[in-house]
Each structure stands twice: as structure tokens, then as C-alpha cells.
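Chains Z and U are the protein sequences, given in the same order.
Letter 64 of the first sequence, counting from 1, is numbered 64 in this note's numbering, and no numbers are missing.
Just so we're on the same page, this note's numbering is the position in the second sequence counted from 1, plus 259.
Glycine included, each C-beta is placed from N, C-alpha and C at the ideal position.
2 protein chains.
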Amino acid sequence: MNTMKFEKELKAHFLKGHELYLRHISIDCVIFGFHENELKVLLLKAKYAGKWALPGGFVLKEEYLDEAAKRILHERTGLEKIYLQQFYTFGDPARSTKKINQGFLKNIGTSTTKSWMFERFISVGYSALVDFTKVQPVSDLFSDGCEWFNIHEIPEMILDHQEIFKKALENLQLQLNFQPVGYNLLPLKFTMPELQKLYETILDRKLDRRNFQRKMMATGILKKLKETKKGVAHKAPFYYKLDLSKYKKALKAGMGFEM
Amino acid sequence: MNTMKFEKELKAHFLKGHELYLRHISIDCVIFGFHENELKVLLLKAKYAGKWALPGGFVLKEEYLDEAAKRILHERTGLEKIYLQQFYTFGDPARSTKKINQGFLKNIGTSTTKSWMFERFISVGYSALVDFTKVQPVSDLFSDGCEWFNIHEIPEMILDHQEIFKKALENLQLQLNFQPVGYNLLPLKFTMPELQKLYETILDRKLDRRNFQRKMMATGILKKLKETKKGVAHKAPFYYKLDLSKYKKALKAGMGFEM
DNA sequence: TTTTGTTGCGTTATTAAGACGCAATGTAAA
DNA sequence: TTTACATTGCGTCTTAATAACGCAACAAAA
């Protein structure tokens with residue numbers, strides 16, 4: 001996008017965005033990915049502020065909340081089908097990007113002091129689990145660049161995004177204990193050690209290799225493939241994949257399993 | 260409140276409420292109480308609509324979400340300290356009380372067609388656990404009367420309040436499995452059979468009396484009193500109460516117990 | 001005093017979780 | 001080609017938690 005067009009779009013967003021979007025409502029997404037045995041989060045570099053931010057956006061006047069989150073995620077990752085869920089809503093009265101955004105406008109030569117963007121926002125938090133290898137991150141109007149960060153090396157973030165991220169992580173850890181959501185973070189085919197690493201990383205503790213395998217197979221939603229991983233030193237582990245039909249049945253019956 | 264004053268207040272709310280409150284944001288509360296071995300929910304009778312509604316309200320421009328929920332709950336129940344938590348945010352674009360509220364205005368002789376109250380609302384759901392015996396329900400501007408309903412005999416409700424209630428109940432059931440929240444629904448002193456009935460009612464299944472008692476005592480947060488329940492046929496059960504200091508310690512350590 | 005229904009504490013059986021042993025496997029080094 | 005090696009896959013054993021059930025003590029009513 002060239003600079004002229006960008007400035008025009010931005011100006012329109014500040015001055016006329018409230019005709020499209022609901023006032024006071026935003027959505028922030030915590031996008032988790034798993035790569036090289038690390039749990040990562042996708043962040044955007046907020047322009048001018050220098051700090052980082054969670055991918056976010058606004059809700060169209062006639063749009064479902066879930067739809068809005070889906071749209072935002074699609075724009076940032078290019079993915080169509082995403083495992084996505086709402087986890088909490090943040091409503092600190094200090095949640096306003098006024099300071100950040102005023103710098104913005106000054107920079108593009110607008111002296112507007114009034115904008116829906118300067119008002120207080122209630123933000124609905126969504127968390128997403130994506131297959132790292134399938135994502136092609138794209139930054140938005142307000143950012144220049146996006147990057148994956150290890151969850152233990154999160155940079156300074158704007159507003160209460162630190163808190164939002166923390167809550168999303170706690171939510172993920174809690175959930176992993178009772179529902180097999182981990183698969184969403186891996187490619188279609190994965191080995192047992194890979195799955196275990198994922199669990200160990202998210203739960204932040206070691207698990208016994210042999211008990212882990214047994215418990216995973218006991219859920220009955222995994223299908224062992226005949227194919228083994230190639231090009232690996234030492235014994236080649238088998239590939240597994242999610243047995244979708246059994247998975248759906250288990251969800252209906254209310255799968256209960258604990259790590 | 261006399262009729263004149265009521266009409267004036269209501270009119271002001273429709274025409275000038277947006278100067279006080281955030282637009283598009285509301286709060287709905289699912290208030291649970293336990294009485295005569297039944298789990299109940301406090302509902303308001305929506306004026307003119309004929310249907311029932313969850314107690315709700317709006318968020319002041321400089322108010323925390325949690326504060327707003329607390330305020331709303333205080334107004335409806337008279338209680339100061341309430342066990343309260345956010346559980347989900349509802350954002351169906353059809354969430355508008357336009358139809359309901361237009362009947363309202365017509366009835367008080369105002370022909371306004373524009374009001375912040377007619378717009379779409381995103382509603383943040385809060386669930387509250389209260390001591391039934393301490394509550395004195397008070398209805399609000401939009402209702403004439405409030406009543407406790409058994410959770411299995413919920414009347415027809417406005418908008419998506421049925422869905423909100425359902426989600427709150429699921430949330431409560433899920434939580435009761437892992438955290439000892441039940442005490443909030445009982446008086447300070449309670450017997451073991453009373454506590455068990457509460458659990459059985461919420462979880463909707465029978466529990467073994469003897470195993471239940473053992474498990475409850477194993478949490479270490481109950482204190483057995485020397486006093487027994489009087490005036491009861493057959494053997495008198497002991498009273499128990501929550502040991503607050505141990506409860507707080509357990510919360511910090513991250514109490515994990517399962518039903 | 002006897003009957004009755006419930007409570008409180010106990011025991012036993014069943015199941016799940018956790019800890020560990022060892023042979024099988026496939027690559028890399030000898 | 002053979003050997004060494006780190007890892008995998010399946011198995012056993014131990015321990016802890018859960019569920020199922022027995023029975024005497026108790027307080028009010030008959």
C-alpha cells in the first residue's frame with residue numbers, strides 16, 4: 001500500500017469508523033502457535049507507540065461477535081478455519097488508545113481532537129489455536145510488522161494487553177487439562193513425542209513419556225498411521241492423526257480426561 | 260415511587276441515558292440462590308413485554324465492568340458482598356430491545372423514535388451466588404415485580420436471556436467440580452446433608468452420602484461445630500462452617516478437588 | 001420403652017494414576 | 001557390514017484415589 005492511500009484510509013477510520021463499527025467495543029485476539037518446541041504468540045508492532053499489541057479490531061454494526069473475531073483472525077493469518085473461542089471481556093475504564101492515536105494523527109497531519117477511537121473501549125478477548133506452519137502473518141493499518149514471540153519472552157505491550165495475554169494463557173492451560181485441544185496447534189500428522197512436547201510446553205511441566213502415550217491412546221480419538229517419521233536419528237516414531245468421527249462422538253458424550 | 264416521577268425518570272433514561280452510560284454495552288446477571296432443596300434464579304417481570312428478564316443494567320462512562328455488575332446486584336438484592344464472576348459475553352446482532360422499549364414509550368405518551376436504548380447491545384454476563392435468606396429482591400425501572408424461579412421451571416424470557424441463563428448454569432456446574440464455591444449459596448452455618456443436597460441439585464446427580472462427607476472434610480476448609488441442628492426428626496446432624504483462614508490458604512495453593 | 005429414619009465413622013473392592021523395566025528400532029559411527 | 005546409541009513402544013508393578021457398602025449411634029415419634 002502506498003503512503004497516500006494509507007493516510008486516506010487511516011483518516012477515514014478515525015473520522016468515519018463509527019458509521020461502520022459499534023462504539024466502545026473492540027476485539028483482541030491471542031493467537032497461539034507451536035514451533036520448534038516453543039509455544040508462541042503472534043503480536044503486531046504498534047506504529048509510533050514503539051510497543052507491541054495483540055491483533056485486534058472492531059465489530060461491524062450487524063456482525064456477530066464470533067464472526068468479527070473470525071474476520072480479524074483471517075485478516076492476520078490468512079486462515080479460514082480456526083479453532084477459536086471467547087475467554088474474557090476486559091473493561092478497565094482506562095482502556096483508551098487516545099494517547100497512542102493522537103500521536104498517530106499528528107504524524108499524518110490531522111489535528112482532529114474528536115474521534116470514536118479516542119473513547120473508552122470494552123474489549124472482548126478471543127483465543128485462537130493455529131497450525132504454525134500454515135500461517136502467513138499480515139500486519140494491519142496501525143502496525144508495521146508482526147512477529148511470533150515465545151510466551152516467555154513477551155515484549156512490552158500497549159494498554160492491558162499483557163493482562164489479556166496472561167488470562168488467555170491461563171485459560172489454555174486449564175482447558176488442556178480436560179479437553180484435547182492440543183491438536184489444533186499441530187499439523188494434521190504428528191508424532192507422539194511432538195504431541196507430548198506440546199503438552200509439556202503449555203502445562204510447563206515434564207510428563208512421563210510412557211504414561212502419556214497410554215493416556216492419549218485411551219481417549220480413543222487418535223489414529224495410528226503406518227507411516228513413520230523419516231530422516232530422524234534413532235528409532236523413527238509413528239505418525240498419528242486425529243480420528244475426526246470418533247472425536248466428534250467423544251465431544252458429544254462429554255470427553256473427560258485429565259493430565 | 261409515584262407514576263409521575265417514574266415516567267419522568269424513564270423518559271430521561273431513554274433520551275439522556277447515553278450521557279451517563281456507554282453505548283452498546285449492557286450487563287446481565289444470573290443470580291443463583293438455594294432454598295428448600297431447590298436451585299433458584301432471580302428474574303424480573305419486564306413491563307409490557309409480559310415476559311421475564313435477567314436483572315441487568317448499564318456501565319457508567321468511568322466505571323469498571325465488575326463495579327457495574329456489583330452495583331446492579333446491590334440494587335436488586337440489597338447485598339453488599341457478593342460472590343460474583345464474569346462468565347461470557349453475548350453479541351448477537353439481534354440483541355436490541357427496540358420492540359420492547361417502543362411499547363414502553365408509547366405507554367407513557369412519548370413518540371420518540373430515536374434512543375440509544377433502541378440500538379444493538381453487547382451484553383456481558385455475570386453470575387452471582389447469594390445466600391437466599393439474606394436477599395430482599397427489588398425490581399427496577401423497567402419491571403414490575405421480581406421472583407425466584409426453580410432452574411427447571413424457567414418462564415419465557417426476553418431476547419436471548421434463556422441462552423445467557425443456560426450458559427451461566429453450565430458454568431456453575433463446571434466450576435463446582437473443581438472449586439468449593441457452594442458455600443456462597445448457604446448460610447454461615449450449614450449441615451452436611453444440606454451441603455450435599457446443594458451439590459446434588461447443581462450437578463443434577465446423586466452422590467454417596469458417606470463419600471461426600473469424607474471428601475468435603477478432606478478439603479480441610481470446613482470446621483465442624485459442636486452445635487447440632489435442633490427440632491429435626493431422627494438423628495440431629497452437626498453444623499459446619501467455612502474455615503476462612505484455611506480457605507484462603509487453599510485458594511492460594513490452588514485447591515484442586517473433584518466431585 | 002420401642003420403633004424409625006438418619007447420621008457418622010468405618011471397611012472393602014474397584015479403578016485410575018504414577019513410576020519404572022526392557023526389548024525393538026533405525027540412524028550414525030566404527 | 002557391524003556396532004553403538006538414543007529413542008520408541010509396550011509392558012509390569014506400586015501407589016493413590018474413587019466408588020460401593022456395613023453398621024452402630026442417635027434423637028424424635030409412636
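Would DSSP call residue i helix, strand or coil?
i: ARG282/U; result: strand
i: TYR506/U; result: helix
i: ALA168/Z; result: helix
i: GLU258/Z; result: coil
i: PHE349/U; result: strand
i: GLU200/Z; result: helix
i: GLU339/U; result: coil
i: HIS294/U; result: strand
i: ALA53/Z; result: strand
i: ASP325/U; result: helix
i: THR97/Z; result: coil
i: ASN150/Z; result: strand
i: GLY231/Z; result: coil
i: GLN179/Z; result: coil
i: PHE261/Z; result: Residue coverage of chain Z in this structure runs from 1 to 259, which leaves residue 261/Z outside it and unanswerable.
i: GLN344/U; result: strand
When the Cα of residue i is compared with those of the options, which residue comes out closest?
i: TYR280/U; options: ALA312/U, VAL300/U, PHE317/U, LEU313/U; result: PHE317/U
i: GLU264/Z; options: SER26/Z, LEU198/Z, LYS246/Z, VAL130/Z; result: In the structure displayed, chain Z extends from 1 to 259; residue 264/Z sits before or after that span and is not available.
i: TYR247/Z; options: LYS235/Z, ALA233/Z, GLY231/Z, ILE221/Z; result: ILE221/Z
i: LEU431/U; options: THR392/U, ALA387/U, LYS393/U; result: ALA387/U
i: HIS152/Z; options: ASP160/Z, GLU7/Z, LYS166/Z; result: LYS166/Z
i: GLY350/U; options: HIS283/U, LYS264/U, LYS275/U; result: HIS283/U
i: GLY33/Z; options: GLY103/Z, PRO187/Z, LYS249/Z; result: PRO187/Z
i: ASP131/Z; options: PHE190/Z, GLU9/Z, TYR239/Z; result: PHE190/Z
i: GLU429/U; options: VAL289/U, TYR498/U, GLU297/U; result: VAL289/U
i: LYS217/U; options: LEU343/U, VAL383/U, GLN472/U; result: This structure gives no information on residue 217/U, because the portion of chain U shown stretches from 260 to 518.
i: ALA12/Z; options: ALA46/Z, MET117/Z, GLU200/Z, SER96/Z; result: MET117/Z
i: GLN86/Z; options: TYR126/Z, LEU73/Z, LYS51/Z, PHE104/Z; result: TYR126/Z
i: PHE287/Z; options: LYS393/U, GLY315/U, LEU324/U; result: This structure gives no information on residue 287/Z, because the portion of chain Z shown stretches from 1 to 259.
i: LEU195/Z; options: ARG95/Z, PRO237/Z, ASN150/Z, ILE72/Z; result: PRO237/Z
i: LYS226/Z; options: GLN213/Z, GLU119/Z, TYR240/Z, LYS235/Z; result: TYR240/Z
i: HIS294/U; options: GLU406/U, LEU319/U, GLU266/U; result: GLU406/U
i: GLY315/U; options: ILE341/U, LEU302/U, ASP463/U, ILE359/U; result: LEU302/U
i: GLU520/U; options: LYS365/U, ASN409/U, SER355/U, ALA492/U; result: Here chain U covers residues 260 to 518 and nothing more, so residue 520/U does not appear.
i: LEU242/Z; options: TYR199/Z, ALA168/Z, MET216/Z, LYS61/Z; result: MET216/Z
i: THR97/Z; options: GLU119/Z, THR89/Z, TYR88/Z; result: GLU119/Z
i: GLN434/U; options: PHE408/U, LEU462/U, ILE359/U, MET451/U; result: LEU462/U
i: LEU60/Z; options: LYS47/Z, ARG95/Z, LYS16/Z; result: LYS16/Z
i: TYR307/U; options: ILE359/U, LYS508/U, ALA353/U, SER382/U; result: ILE359/U
i: LEU521/U; options: GLU297/U, GLU268/U, LEU269/U; result: Lying before the first or after the last residue shown, residue 521/U is absent from chain U, which here runs from 260 to 518.
i: ALA94/Z; options: SER115/Z, HIS74/Z, ILE82/Z, SER123/Z; result: SER123/Z
i: LYS134/Z; options: PRO155/Z, ILE82/Z, LYS252/Z; result: ILE82/Z
i: THR487/U; options: LYS511/U, GLN472/U, MET451/U; result: MET451/U
i: VAL41/Z; options: PHE149/Z, THR219/Z, ASP28/Z, LYS5/Z; result: PHE149/Z
Strictly below 8 Å CB to CB, what residues from chain Z border residue i?
i: GLN345/U; result: TYR88, THR89
i: VAL383/U; result: THR89, GLY91, ILE122
i: LYS320/U; result: PRO93, ARG120
State whether the region 78 to 94 of chain Z contacts the region 121 to 141 of chain Z, with contact taken as three or more CB pairs (one from each stretch) at a distance under 8 Å.
yes
Members of the region 277 to 297 of chain U near chain Z, C-beta cut-off 8 Å
LEU281, ARG282, HIS283, ILE284
May I ask you to verify whether the region 402 to 418 of chain U touches the region 436 to 446 of chain U, counting CB pairs closer than 8 Å and requiring at least 3?
no
Residues, ordered as in the chain, of the region 63 to 75 of chain Z that lie near chain U by beta-carbon distance below 7 Å
GLU63, TYR64, LEU65
Are the region 153 to 165 of chain Z and the region 209 to 221 of chain Z in contact at 8 Å, needing three or more beta carbon pairs?
no
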